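First comes the structure, then the notes that go with it.
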Ligand code: ADP
């Protein structure tokens, strides 16, 4: 039961029923008052001449004194015809000289306010005039009045209260008025029907809310799949739509978090693996040198030491790149944007890798228009990204191959591409090569392979410049990596 009233439906229904009750009470009050007014006015209008007729009848008995007894009989006859009237004889000041109100009744005041009486006598009757009821000083009643000659006492008034106790209580009014009774009954039925229809309508309207709550409850308990059906374009429909959008976003984020978590675990596994292999190799060769020191000739010892050196360089490179990537990841690197000549930078990098290219009989070509505008970027970071791309291009190009760096400007950017004529990248690897530790060759122990971090670093650097880096295969042979930088 308590649950009903704490539910939205319960509260809505309660407010609705309270409003209906208030409406009912207001309607009863209005109907009662207007009926009362109507009946009283009709009564007064019907009895406009009642007092005057009585005056004609009584006047002969009032020549010299108040011949009460002699008029009692005729009053008695009148009250038999109309038992609800109460008759008062007033002097000029409104004081009650005599009264005829029926047995067992008594008056509570001995005078009557004359103002309404005079009004009644002077104006053409057009609306209800109420006067004092000496038996009931708190209530005003319809009356009939007329002037009367009371012998030596001069002119007085005959004052007739109409209806008597008829209007004293709402209950008796209700009993007496067919109109009031019927209209209240009809209104009661209308209220009842409205209440029932309203409650059914609210139940229907809140059904969608209950359904939505059920689905949100499932979502809350961890089932991210269900969505609320959107049935209309009203507030509830829009709420359902917002919930669905929110649920999509949450589901997307959870998926993303799971992916990141998986990546993080893979990253740790990869780092451990990449650290373990060179360390194991170093340990192995150091132990061999120590154990077989006397048996080793100089040649062998040199060979072992060179392997140890190579592994330590790999380790150093890996740690350096990891550190670099983590700084880029955690936004500890604040790019210092400045204008510089990208053509000069590319030439410098090409010179730096010339020797490495020569070892493979490869050559590095720079293709650029003679005058290029300056680009705005962080020169050190762009040098790092370009070095990674050119180093890869040399590494993956075959003996005697060629690496080409091309610079092409348009109005806003300079497009930079690094091409080689190696074997290119497998289509299935293309979407992943910018992932950290991703190596298309798969074998992680490949001694001449890099760390698998170079392209991830290049991508991060370009992200810091709000730019993207792409890779694709050339139609003939080899891969091409390209990105753009804004010009000054
Ligand atoms: P790595 O240190 O292994 O070169 P990168 O992040 O620089 O790591 O590159 C990731 C992978 O992308 C490489 O292992 C390689 O398989 C592929 N790759 C990068 N550049 C080229 C290229 N020019 N030609 C073919 N494959 C490439």
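Residue numbers (the working numbering): 1067 to 1554.
Cβ atoms here follow ideal geometry from the backbone N, Cα and C, with glycine treated the same way.
In this text the structure is predicted, and so the values were computed from the model without any measurement.
Any non-hydrogen atom of the ligand ADP closer than 8 Å to residue i Cβ
{"i": "residue 1377", "result": "no"}
{"i": "residue 1309", "result": "no"}
{"i": "residue 1461", "result": "yes"}
{"i": "residue 1495", "result": "yes"}
{"i": "residue 1521", "result": "yes"}
{"i": "residue 1547", "result": "yes"}
{"i": "residue 1506", "result": "yes"}
{"i": "residue 1467", "result": "no"}
{"i": "residue 1489", "result": "yes"}
{"i": "residue 1499", "result": "yes"}
{"i": "residue 1486", "result": "yes"}
{"i": "residue 1544", "result": "yes"}
{"i": "residue 1272", "result": "no"}
{"i": "residue 1396", "result": "no"}
{"i": "residue 1517", "result": "yes"}
{"i": "residue 1458", "result": "yes"}
{"i": "residue 1454", "result": "yes"}
Rounded separation between residue i and residue j - CA only
{"i": "residue 1424", "j": "residue 1343", "result": "30 Å"}
{"i": "residue 1204", "j": "residue 1174", "result": "10 Å"}
{"i": "residue 1366", "j": "residue 1355", "result": "9 Å"}
{"i": "residue 1482", "j": "residue 1383", "result": "26 Å"}
{"i": "residue 1516", "j": "residue 1390", "result": "15 Å"}
{"i": "residue 1552", "j": "residue 1335", "result": "38 Å"}
{"i": "residue 1294", "j": "residue 1279", "result": "9 Å"}
{"i": "residue 1419", "j": "residue 1486", "result": "14 Å"}
{"i": "residue 1403", "j": "residue 1307", "result": "43 Å"}
{"i": "residue 1475", "j": "residue 1501", "result": "29 Å"}
{"i": "residue 1469", "j": "residue 1488", "result": "9 Å"}
{"i": "residue 1225", "j": "residue 1114", "result": "12 Å"}
{"i": "residue 1194", "j": "residue 1299", "result": "57 Å"}
{"i": "residue 1357", "j": "residue 1371", "result": "14 Å"}
{"i": "residue 1072", "j": "residue 1084", "result": "16 Å"}
{"i": "residue 1459", "j": "residue 1362", "result": "39 Å"}
{"i": "residue 1285", "j": "residue 1303", "result": "18 Å"}
{"i": "residue 1539", "j": "residue 1462", "result": "13 Å"}
{"i": "residue 1281", "j": "residue 1313", "result": "11 Å"}
{"i": "residue 1177", "j": "residue 1265", "result": "57 Å"}
{"i": "residue 1267", "j": "residue 1257", "result": "15 Å"}
{"i": "residue 1104", "j": "residue 1243", "result": "11 Å"}
{"i": "residue 1153", "j": "residue 1212", "result": "11 Å"}
{"i": "residue 1277", "j": "residue 1297", "result": "12 Å"}
DSSP three-state assignment for residue i, whether helix, strand or coil
{"i": "residue 1485", "result": "strand"}
{"i": "residue 1538", "result": "strand"}
{"i": "residue 1552", "result": "strand"}
{"i": "residue 1161", "result": "strand"}
{"i": "residue 1545", "result": "strand"}
{"i": "residue 1431", "result": "strand"}
{"i": "residue 1443", "result": "strand"}
{"i": "residue 1081", "result": "helix"}
{"i": "residue 1470", "result": "strand"}
{"i": "residue 1498", "result": "helix"}
{"i": "residue 1420", "result": "helix"}
{"i": "residue 1182", "result": "helix"}
{"i": "residue 1166", "result": "strand"}
{"i": "residue 1510", "result": "Only weak support is given to the placement of residue 1510: the predicted model assigns it a pLDDT of 45, under 50, and the value that follows is read from those uncertain coordinates. If DSSP states are grouped into helix, strand and coil, residue 1510 belongs with coil."}
{"i": "residue 1152", "result": "strand"}
{"i": "residue 1101", "result": "helix"}
{"i": "residue 1308", "result": "helix"}
{"i": "residue 1142", "result": "helix"}
{"i": "residue 1177", "result": "strand"}
{"i": "residue 1091", "result": "helix"}
{"i": "residue 1480", "result": "strand"}
Next on the checklist: My parser needs the alpha helix (DSSP H) runs of 4 or more residues fully inside the region 1340-1413; what are they?
Outcome noted: 1364-1395
Checklist entry - Going along the chain, which unbroken runs of the beta strand (DSSP E) with 3 or more residues stay wholly within the region 1184-1265? => result 1196-1198, 1206-1215 and 1221-1227
Item to check | Complete runs of the alpha helix (DSSP H) confined to the region 1106-1130 [at least 4 residues] | outcome: 1116-1124
Checklist entry - Unbroken beta strand (DSSP E) runs of length 3 or more, entirely within the region 1264-1305: which are they? => result DSSP runs (the beta strand (DSSP E)) wholly in the region 1264-1305: none.
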